[in-house]
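K.L.:
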Amino acid sequence: MFRTSRGALLRAAVVAAAAVAALTACRPEDLPADDVPASAAPGASQPAAPDGQRSLVDAAEAGGLRKQTGEGAAGDVPVDPGEMRDGMRLVVSRFAGPDGGDPVLFEGVDNVPEDTSRRREHLFRGMLEYIEWDPELGQPQARPVADPGPLGGSVECLMASFAENGQVVCGWADESTAAVALFPDSTLDEAGKLFVAMRGDLER
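Heads up: the sequence shown is residues 29 to 232, going by my numbering.
1) The beta strand (DSSP E) spanning methionine 187 covers which residue range?
2) For the pair the segment 199 to 208 and the segment 130 to 143, tell me if three or more CB-CB distances fall below 8 Å.
3) Are the beta-carbon atoms of valine 196 and leucine 210 separated by less than 9 Å?
4) Buried or exposed for phenylalanine 134, going by 16 or more other Cβ atoms inside 10 Å?
5) Compute the beta-carbon to beta-carbon distance between glycine 166 and aspartate 108, rounded to the nearest angstrom, for a pair I have assumed lies under 8 Å.
6) Would you tell me roughly how many angstroms separate the C-alpha atoms of leucine 84 and tyrosine 158, rounded to the nearest one?
7) What are the boundary residues of the alpha helix (DSSP H) that serine 121 is part of?
8) Under 9 Å between the Cβ atoms of proline 212 and aspartate 130?
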């Protein structure tokens, strides 16, 4: 059996206490860059984006449609996007309609902190209010688009008309973004395909 003197034990305790004090006194700037949490890094306002998070793009062209500028541009926010928090971005654009028809209105948000499907539902309701849909006519039911495209997530469209051809509202929701678009004089199938094509230019 090994024997240790009281003096040796006392010296060991002092060394251990000094080591603990040195570790607890470390500040973020004393640590290697890889060890600094994003929330503690100088100038950081929010944690780093998780894997798979995407953002919206204020694109000049989407799905072959050109963004309208000048008098035809979206000069306001026609649809309530919901609560906007730090780090979120709102994109609102009007794109030249197919065959020179009425423009396609797009509105979306990224870095959504809650369930993006809920934010899409909020945008759906806002778009119906924008087109002055009469609630007494019932709530149009959204139908999933079979192929959401390479960006995945969920894409749905609803017909805000009693005719086969009319106003269609489409929306997507994925890991971090939610968006809707209004397609005048369209069908569910046509609007769904065009919306997926536009999404490829509006999201990264």
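Cβ coordinates follow ideal geometry from the N, Cα and C atoms, glycine included.
Predicted model only: the values in this text are computed from it and were never measured.
P.N.:
A quick look at the data gives this:
1) Here the question's residue 187 lines up with position 159 in the sequence shown. Unbroken beta strand (DSSP E) run through methionine 187: 182 to 187.
2) Segment contact: the segment 199 to 208 against the segment 130 to 143, three or more CB-CB distances shorter than 8 Å; contact assigned.
3) Position 168 of the sequence shown holds residue 196. Position 182 of the sequence shown holds residue 210. Cβ distance < 9 Å, so valine 196 and leucine 210 count as in contact.
4) The count along the sequence shown starts at 1 and reaches residue 134 at position 106. By the neighbour-count rule (16 or more Cβ atoms within 10 Å), phenylalanine 134 is buried.
5) Against the sequence shown, residue 166 aligns to sequence position 138. Against the sequence shown, residue 108 aligns to sequence position 80. Contact flag wrong, Cβ pair sits at about 21 Å.
6) For this step, residue 84 is matched to residue 56 along the sequence shown. For this step, residue 158 is matched to residue 130 along the sequence shown. C-alpha separation (whole angstroms): 22 Å.
7) Counted from its first residue, the sequence shown places residue 121 at position 93. Per DSSP, serine 121 lies in no alpha helix (DSSP H) segment; the continuous beta strand (DSSP E) that holds it begins and ends at 117 to 123.
8) Walking along the sequence shown from the start, residue 212 turns up at place 184. Walking along the sequence shown from the start, residue 130 turns up at place 102. Yes; because the gap between Cβ atoms is below 9 Å, this pair is in contact.
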